[in-house]
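J.: I have a structure here, written as structure tokens, and I will follow up with some questions on it.
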């Protein structure tokens, strides 16, 4: 091999090495960081020591049945509120909308891995059609679910999102006492962890990028 060929080979090898180094560097910057449990807590996310299986349930979203199997294959961020809530619920839904938008801007593939949903704690006033329209008034991809109060209460208990049921009230302007935390469910339909209220969209995106990238 000639001296010129050796020089060319050396230069080519150096270029390949430099390209690899640059690629690794760029990947380390662009790819989400895998957070520790302590870092999650600093961002007000609490990961369960072991994901918790939910019992089967049957509710309704719009005109469609919504069951435990509907939670499979995608992550779900769940808020339990009600459509006639004057302030805190729409504020939380708006934060979920911002979280959805930020996640899509940063990584559309990760955004496609998660659904955002509200389960009504007020089924006496929130029909499945009404709560689904309410959810979609914030984002057309959002899911609204309602149904039997007993089923909803059991689900809320399993997700540690407690509320005080109001059944057959003679008033129509009553308020609801309920948790403002958000539950995160894994693609296996298990309760994975929760965001403690008040939530911050930027912090939620940082957490979701880590969880959705490094967990299944």
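Numbering (my numbering), first residue to last: 1405 to 1620. Glycine included, every Cβ here is placed at the ideal spot set by N, Cα and C.
Quick one: Cα of residue 1462 to Cα of residue 1529, how far?
T.: Residue 1462 and residue 1529: Cα-Cα distance of roughly 19 Å.
J.: Where does residue 1594 fall in DSSP's three states?
T.: Residue 1594: strand per DSSP, three-state reduction.
J.: If you follow the beta strand (DSSP E) that residue 1457 is in, where does it begin and where does it stop?
T.: Looking at the DSSP string, the run of the beta strand (DSSP E) that includes residue 1457 is 1449–1457.
J.: Starting from the N-terminal side, write out each stretch of the beta strand (DSSP E) that is 3 residues or longer and does not extend beyond the region 1548–1605.
T.: You should have 1586–1589 and 1594–1599.
J.: Assign residue 1611 to one of two classes, buried (16 or more other C-beta atoms within 10 Å of its C-beta) or exposed (fewer than that).
T.: Classification for residue 1611: buried.
J.: Is it true that the region 1435–1447 meets the region 1581–1588, where meeting means three or more beta-carbon pairs spaced less than 8 Å apart?
T.: Result no; under three Cβ-Cβ pairs closer than 8 Å.
J.: Residues in its own chain within less than 8 Å of residue 1533 by CB, not counting five upstream and five downstream?
T.: Within the same chain, residue 1533 has close Cβ partners 1466 and 1467.
J.: With distances taken from CA atoms, which of 1476, 1518, 1597 and 1580 is nearest residue 1501?
T.: Residue 1518 is the option with its Cα nearest to residue 1501.
J.: Short of 6 Å in beta carbon distance, which residues of its chain neighbour residue 1592, apart from the five on each side in sequence? Order them along the chain.
T.: Cβ within range, chain order: n/a, list empty.
J.: Under a Cβ-count criterion, where at least 16 other Cβ atoms within 10 Å of its own Cβ denotes burial, should residue 1524 be classed as buried or exposed?
T.: By the 10 Å Cβ count, residue 1524 comes out buried.
J.: Classify residue 1462 as helix, strand or coil using the three-state DSSP reduction.
T.: Three-state DSSP puts residue 1462 in a strand.
J.: Measure the C-alpha to C-alpha separation of residue 1551 and residue 1526 and round it to an integer number of angstroms.
T.: When rounded, the distance between both Cα atoms is 9 Å.
J.: For residue 1457, tell me which candidate among 1604, 1595 and 1491 has the shortest Cα-Cα distance.
T.: For residue 1457, the nearest C-alpha among the options comes from 1595.
J.: Could you please give the first and the last residue of the uninterrupted alpha helix (DSSP H) stretch that includes residue 1438?
T.: Segment: none, residue 1438 is in no alpha helix (DSSP H) and carries neither H nor E.
J.: Taking all protein chains shown into account, do 16 or more other C-beta atoms lie within 10 angstroms of the C-beta of residue 1503, making it buried, or fewer, making it exposed?
T.: Buried, since its Cβ has 16 or more Cβ neighbours within 10 Å.
J.: DSSP state of residue 1375, grouped into three classes?
T.: What is shown of the chain runs 1405 to 1620, which leaves residue 1375 out entirely.
J.: Starting from the C-beta of residue 1522, find all residues in its chain whose C-beta is less than 6 Å away, skip the five residues before and the five after it, and write them out in chain order.
T.: Excluding positions up to five away in sequence, the list reads 1483, 1485, 1539 and 1548.
J.: For residue 1580, I'd like the list of residues in its chain whose CB is within less than 6 Å of its CB, leaving aside the five on either flank, ordered along the chain.
T.: Contacts found: 1486, 1525 and 1526.
J.: Near residue 1433, which residues of its chain fall below 7 Å by C-beta distance, leaving aside the five closest residues on each side in sequence?
T.: The predicted position of residue 1433 is uncertain, since its pLDDT is 38 and thus under 50; a value taken from the coordinates is nonetheless stated next. Contacts found: none.
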